[in-house]
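Here the structure comes first, spelled out in structure tokens, and everything after it is commentary.
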């Protein structure tokens, strides 16, 4: 089956630094990937749609200059949290759509803690 | 704006019970509906996908139904097991996009 990986699985950083999270589709090409964030005991909130070779589409209320998304290849999308603050601490999950399938496959998530 | 709600928010049952988890959505114009399972600190695993034209889907001990006109879906788990303990999320697919709108989740605990 389709596999999506994320790296790192866990990261702790100081306030004000930037953190990059990678999302890879391991055995298929994905022109579209999605980034979600999830606060403790809450559901997933879609942040943005990452499109290969073009700009990401951000959901309302998500700061595009704070959450930089780059989808440079058909198997890799990156999310960079710039100038991270404690309120950015969350669980970030990506997903990807394999071709000709209607379900998204999700990565294992990245837990970000900003001190 | 589509809103997806799940009831109950949490559920604790003894092993062997049959369970019903509920999902409701405010806009019936959905492309599909999916049920996912999430283990603590992990990603999501797709359980069942129901197309908007379908009424139900079954996989093993799981059965999901969809009533688009009333904006409801249920996930039925037969003969629950401790290994079923997880958070269950429903998500509706948005037409003309690949977006998913997730529900609030039901945290299930099945004890021996």
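Protein chains in written order, with this note's numbering: chain A, 14 to 128; chain B, 1200 to 1311.
Cβ coordinates follow ideal geometry from the N, Cα and C atoms, glycine included.
Since the structure is predicted, the reported quantities are computational estimates derived from the model, not experimental observations.
Item                                                                                                                             : Value
Chain-ordered neighbours of residue 56 (chain A) on chain B, where CB pairs are closer than 7 Å                                  : 1288, 1301, 1302, 1303, 1304
Simplified DSSP state of residue 1238 (chain B), which is helix, strand or coil                                                  : coil
Short Cβ contact (9 Å threshold) for residue 1218 (chain B) with residue 1300 (chain B)                                          : no
Beta-bridge partners of residue 1265 (chain B), as assigned by DSSP                                                              : B:1272
Alpha carbon of residue 51 (chain A) to alpha carbon of residue 1278 (chain B), nearest angstrom                                 : 30 Å
Cβ contact (3+ pairs, closer than 8 Å) linking the region 40-51 of chain A and the region 88-102 of chain A                      : yes
Cβ pair residue 1220 (chain B), residue 1257 (chain B) closer than 9 Å                                                           : no
Nearest candidate by alpha-carbon position, reference residue 1212 (chain B), set B:1225, B:1228, B:1204, B:1283                 : B:1283
Contact check, residue 121 (chain A) vs residue 22 (chain A), beta carbons under 9 Å                                             : yes
Inter-residue spacing [alpha-carbon to alpha-carbon] between residue 1215 (chain B) and residue 1204 (chain B)                   : 26 Å
Buried/exposed call for residue 1263 (chain B), threshold 16 Cβ in 10 Å                                                          : buried
Residues of the region 34-58 of chain A whose Cβ lies closer than 7 Å to any Cβ of chain B, in chain order                       : 45, 56, 57
Cβ of residue 1233 (chain B) within 9 Å of any chain A Cβ                                                                        : yes
For residue 119 (chain A) and residue 1243 (chain B), believed in contact at Cβ under 8 Å, the rounded distance                  : 4 Å
Reduced DSSP secondary structure (H/G/I, E/B, other) of residue 1213 (chain B)                                                   : strand
Short CB-CB distance (under 9 Å) between residue 1226 (chain B) and chain A                                                      : no
Three-state class that DSSP yields for residue 76 (chain A) in the structure shown                                               : coil
Own chain residues within Cβ distance below 7 Å of residue 1251 (chain B), not counting five before or after                     : 1229, 1230, 1231, 1267
Spatial neighbours of residue 128 (chain A) in its chain, beta-carbon cut-off 8 Å, leaving aside the 5 residues before and after : 25, 26, 27, 28, 99
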